[in-house]
Amino acid sequence: MAELNSLKNIVKEIVDEKRPVLEDIAKYLYDNPELGSEEFKAFAKITKVLEDHGFDVEKGVYDMPTAFVATYKGKGDGPKVAVLAEYDALPGVGHGCGHDLIAASAVGAGIAASKAIADLDGEILVIGTPAEEGHGPSGGSKVIMANKGLFDDISGVVMLHPASAWGVGSQALGISKCNMVFKGQTSHAAASPHLGRNALNAATLAYTATHMLRQEARRDANLVIHGIITEGGIANNIIPDRAVLSFGVRSSDQEYLDEMVDKVARCGEGAAHALGVEVEIDKGRFYSSKKLNYPMIKALWQNYVDLGAPVSDWEESANSIPMASTDYGDVSQVVPSAGSYIGIAPAGTPGHSIQLADASMTKKGLDAMIVGTKALGMTLVELLAKPEILVEAKEYFDSH
Ligand SMILES: [Zn+2]
Ligand SMILES: [Zn+2]
Numbered sequence: 000m001a002e003l004n005s006l007k008n009i010v011k012e013i014v015d016e017k018r019p020v021l022e023d024i025a026k027y028l029y030d031n032p033e034l035g036s037e038e039f040k041a042f043a044k045i046t047k048v049l050e051d052h053g054f055d056v057e058k059g060v061y062d063m064p065t066a067f068v069a070t071y072k073g074k075g076d077g078p079k080v081a082v083l084a085e086y087d088a089l090p091g092v093g094h095g096c097g098h099d100l101i102a103a104s105a106v107g108a109g110i111a112a113s114k115a116i117a118d119l120d121g122e123i124l125v126i127g128t129p130a131e132e133g134h135g136p137s138g139g140s141k142v143i144m145a146n147k148g149l150f151d152d153i154s155g156v157v158m159l160h161p162a163s164a165w166g167v168g169s170q171a172l173g174i175s176k177c178n179m180v181f182k183g184q185t186s187h188a189a190a191s192p193h194l195g196r197n198a199l200n201a202a203t204l205a206y207t208a209t210h211m212l213r214q215e216a217r218r219d220a221n222l223v224i225h226g227i228i229t230e231g232g233i234a235n236n237i238i239p240d241r242a243v244l245s246f247g248v249r250s251s252d253q254e255y256l257d258e259m260v261d262k263v264a265r266c267g268e269g270a271a272h273a274l275g276v277e278v279e280i281d282k283g284r285f286y287s288s289k290k291l292n293y294p295m296i297k298a299l300w301q302n303y304v305d306l307g308a309p310v311s312d313w314e315e316s317a318n319s320i321p322m323a324s325t326d327y328g329d330v331s332q333v334v335p336s337a338g339s340y341i342g343i344a345p346a347g348t349p350g351h352s353i354q355l356a357d358a359s360m361t362k363k364g365l366d367a368m369i370v371g372t373k374a375l376g377m378t379l380v381e382l383l384a385k386p387e388i389l390v391e392a393k394e395y396f397d398s399h
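Residue 0 is where the sequence shown starts when you use numbering that gives the first Met the number 0, and the numbers rise one by one after that.
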């Protein structure tokens with residue numbers, strides 16, 4: 000254990016030593032915000048720093064020009080552990096989601112960990128995941144990476160996200176779509192209604208039926224259903240032959256979410272059957288919920304605690320009501336993962352705001368980034384130094 004502590008001390012020292020480099024990355028991204036799939040400046044900056052520090056960088060993975068996988072090998076063959084970088088900005092509010100600090104922290108954690116694994120087996124990976132906010136062809140790149148198997152031979156993944164409070168291991172809502180197109184028959188609404196088949200009535204019935212599902216919703220699964228009618232006819236004297244509903248369905252439990260999307264679809268099928276119209280249903284996952292991995296979360300949380308970060312108890316985070324959805328959820332569904340939040344802004348600061356972007360450049364924001372970088376780097380090293388944590392994490396993953 001004494002040896003692990005000295006390796007963690009190396010991580011801390013390197014992060015402090017590299018602080019100017021990390022702050023430079025964050026500031027460069029803040030000054031040059033780029034939308035998802037177009038993060039070419041950020042991509043060039045980040046990959047150059049990693050190459051300069053001895054990482055082997057594969058660029059443009061899976062035909063996503065701003066995605067990358069940077070690898071640093073330890074002494075011999077062993078487990079691969081990864082930290083994820085995001086670097087896309089938002090229209091109008093720049094780095095209002097704080098991805099400038101996510102990029103800096105991932106680079107810093109990877110570099111610091113790489114300096115501590117000369118005598119350990121395994122590999123440290125820094126994975127560049129563009130377009131978390133969903134913009135452009137690389138939108139939700141982690142979903143693409145997870146589906147294509149990028150994480151299949153990786154044993155553990157960590158990352159952080161800026162926020163207005165500290166925490167490790169919180170849930171995220173999975174989100175799926177369920178869109179319904181109802182098709183009937185137009186007819187004169189007064190002269191010959193008996194010759195029509197009203198698509199709008201079917202859509203209304205489906206909309207109402209969907210809301211009736213809520214009463215039976217599992218209360219621990221954080222179900223959210225939000226829907227709109229996007230088409231409902233063209234003139235009130237014509238019975239509508241076409242109506243379209245668009246639903247988003249969210250839950251913190253992926254299996255339950257899939258089940259509920261099927262039930263929402265059934266409301267559409269039932270309504271169509273009742274009113275004698277046709278319906279086409281387009282359903283599918285957008286982002287998955289987070290599959291929490293307690294062994295990974297505990298390891299990351301303990302390192303934050305040891306650094307004196309004001310993280311809330313991890314069990315409290317794990318049980319708090321999730322608000323957002325992220326493509327990191329899809330990563331957590333295929334590999335043991337842990338996420339964390341660093342407090343860079345006063346409580347109550349809205350996400351996706353100029354205020355949060357500006358907070359990333361304050362001393363408080365940059366100090367928080369440094370603490371988070373250390374926690375991530377220490378955890379990467381710990382996972383290679385104590386691979387039994389990865390074994391436990393895999394067992395937990397397989398049994399939950
Ligand atoms: Zn965001
Ligand atoms: Zn974000």
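Every residue, glycine too, gets a C-beta built ideally from N, C-alpha and C.
- If one requires a minimum length of 4 residues, the alpha helix (DSSP H) runs lying completely within the segment 250-331 are 253-274, 293-305, 313-318, 327-331, in chain order.
- The beta carbons of Ala317 and Gly168 sit about 5 Å from each other, so the pair counts as a contact at 8 Å.
- Here Ile153 really is in contact with Lys79; their C-beta atoms are around 5 Å apart, less than 8 Å.
- Glu85 has its Cβ no nearer than 6 Å to any heavy atom of ligand 1.
- Going by beta carbons, Glu38 and Pro129 fall inside the 7 Å limit.
- The beta carbon of Lys44 lies closer than 8 Å to those of Ile24, Tyr27, Leu28 in the same chain, with the five residues before and after it left out.
- Within the segment 129-178, the alpha helix (DSSP H) runs of at least 4 residues that lie entirely inside it are, in chain order, 140-147.
- Under the DSSP assignment, His225 falls in the beta strand (DSSP E) whose first and last residues are 223-230.
- The DSSP-derived three-state label of Lys385 is coil.
- With fewer than 16 other CB atoms across the displayed protein chains lying within 10 angstroms of its CB, His187 is exposed.
- Listed in chain order, the non-local C-beta contacts of Ala105 below 7 Å within the same chain comprise Val82, Leu83, Ala84, Val125, Met158, local neighbours out to five positions each way being set aside.
- For Leu149, same chain residues with a beta-carbon under 8 Å away, outside a window of 5 residues either side, are Val60, Tyr61, Val68, Ile126 in chain order.
- Set against 6 Å, the gap from the CB of Cys96 to the closest heavy atom of ligand 2 is smaller.
- Each residue's CA atom was taken as its position, placing His351 and Gly97 some 8 Å apart.
- Shown here, Gly109 sits in a helix according to DSSP, grouped into three states.
- Collapsing the DSSP output to three states places Leu34 in a strand.
- Assignment of His210 by DSSP, reduced to helix, strand and coil, places it in the helix class.
- Not a single heavy atom of ligand 1 lies less than 6 Å from the C-beta of Glu38.
- Annotated three-state conformation of Ala242 is strand, per DSSP.
- Taken atom to atom, the span from the alpha-carbon of Asp326 to that of Leu199 is near 34 Å.
- Judged by their CB atoms, Gly376 and Ala112 are nearer to each other than the 7 Å cut-off.
- If you check the CB distance, Ala344 and Ala358 come in under 7 Å.
- Distance from Asp87 to Glu132 at the Cβ level is roughly 6 Å; contact confirmed, criterion being Cβ atoms closer than 8 Å.
- Residues of the same chain with a CB within less than 8 Å of the CB of Pro335, apart from the 5 flanking positions on each side, are Ser154, Gly155, Val156, Asn292, Pro294, Met295, Leu389, Ala392, Lys393, Tyr395, Phe396 in chain order.
- The beta carbon of Glu230 sits closer than 7 Å to the beta carbons of Arg241, Ala242, Val243 from its chain, once the five residues preceding and following it are set aside; these are given in chain order.
- Under the three-state reduction of DSSP, Val248 is assigned to strand.
- Judged by DSSP secondary structure, Lys40 falls within the alpha helix (DSSP H) whose first and last residues are 39-51.
- With contacts defined as CB atoms closer than 7 Å, Ala271 and Ala201 qualify as a contacting pair.
- Under DSSP, His187 takes part in a beta bridge, and its partners are Ile237.
- Contact check for Met179 and Gly267: beta-carbon distance about 4 Å, within the 8 Å limit, so the pair qualifies.
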